[in-house]
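Only one structure is covered here, and it is reproduced in the block below.
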Amino acid sequence: MTVKKAILKITAGLTSQFPRDGKSQIAFAGRSNVGKSSLINALIGRKSLARVSSEPGKTITVNFYEVNEVFYLVDMPGYGYAKRSPEQKRKWSALTDGYYTKDGSYGTLKAVGQLIDLKVGATENDLNMMEWLSESDLDWFIIAAKADKLNKTERTKALDRLRELVDGVDIIPFSALNGEGKDEVWGRINKVLLDN
Ligand SMILES: Nc1nc2c(ncn2[C@@H]2O[C@H](COP(=O)(O)OP(=O)(O)OP(=O)(O)O)[C@@H](O)[C@H]2O)c(=O)[nH]1
Ligand SMILES: [Mg+2]
107 MTVKKAILKI
117 TAGLTSQFPR
127 DGKSQIAFAG
137 RSNVGKSSLI
147 NALIGRKSLA
157 RVSSEPGKTI
167 TVNFYEVNEV
177 FYLVDMPGYG
187 YAKRSPEQKR
197 KWSALTDGYY
207 TKDGSYGTLK
217 AVGQLIDLKV
227 GATENDLNMM
237 EWLSESDLDW
247 FIIAAKADKL
257 NKTERTKALD
267 RLRELVDGVD
277 IIPFSALNGE
287 GKDEVWGRIN
297 KVLLDN
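Its first residue numbered 107, the sequence shown is counted upward by one per residue in the working numbering.
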């Protein structure tokens, strides 16, 4: 994919702000701090179009990055951030639940890239999310994030563990730090866009 143009089109803090232009969406989900925004920056080839949080989980918005005026890469707000207030938790649920419905973005959502921190492994929230994805009719795949943090042995073990959890789902080791997996993620996105 050649990214000719990428802009942050919409920062939605309310479900009513989601785009309704029918353009395809590929969303990236995962816990707070797992590297969703860093992944989008790496894919787009811009250092800081997507804001990488110094304070994880602080802003609860769904960010829509429009690429080549054709489709969106969607940065979902992370889950599992312990310091969130009840009010922030309510906002998170309303936004994400609203996103994954027919009235939200379900009709234009073509795939979900689920980020799992390869070193940390799947958390309980990750497992819940993957269970939901498995039961949905959405196309989805796993991005094994921050792969640069593991040595060869750790990496093999961690990838095996993930594979045991989710049979038949693509797992792409990825590092925003050294660019590993970038082409594979783009390949997966291209496939999604061509199929739809
Ligand atoms: N070593 C390493 N660090 C990374 C990588 N990707 C992201 N980080 C770091 O992890 C932290 C969180 O990254 P973000 O991209 O902001 O994570 P996020 O998932 O968008 O977090 P929220 O927006 O809070 O949900 C930052 O300090 C990044 O520099 C990676 O591939 N390798
Ligand atoms: Mg982020």
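C-beta atoms are modelled at their ideal positions from N, C-alpha and C, and glycine is treated no differently. Because the structure is a prediction, the values reported are computed rather than measured.
In chain order, GLN123, PRO125 and PHE170 place their CB closer than 7 Å to the CB of ILE116, counting only its own chain and leaving out the 5 sequence neighbours on each side. The continuous alpha helix (DSSP H) containing VAL298 extends over residues 288-301. Short note on ALA118: C-beta not closer than 8 Å to any heavy atom of ligand 1. DSSP places ILE146 in the uninterrupted alpha helix (DSSP H) bounded by 142-150. With a contact defined as Cβ atoms closer than 8 Å, SER138 and GLY186 qualify at about 6 Å. Closest by C-alpha distance to SER144, out of VAL158, PHE134 and ALA135, is VAL158.
Not one heavy atom of ligand 2 falls within 8 Å of the beta-carbon of GLY204. Cβ atoms of LEU239 and GLN220 come within 8 Å of each other, at about 6 Å. The straight-line gap separating the alpha-carbon atoms of ASN302 and LYS153 is approximately 29 Å.
With a contact defined as Cβ atoms closer than 8 Å, GLN131 and LYS208 miss out at about 14 Å.
Spatial neighbours of LYS197 in its own chain (CB-CB distance under 8 Å, excluding positions within 5 residues in sequence) are listed in chain order as GLY119 and ILE166.
If you check the CB distance, VAL180 and ALA253 do not come in under 9 Å.
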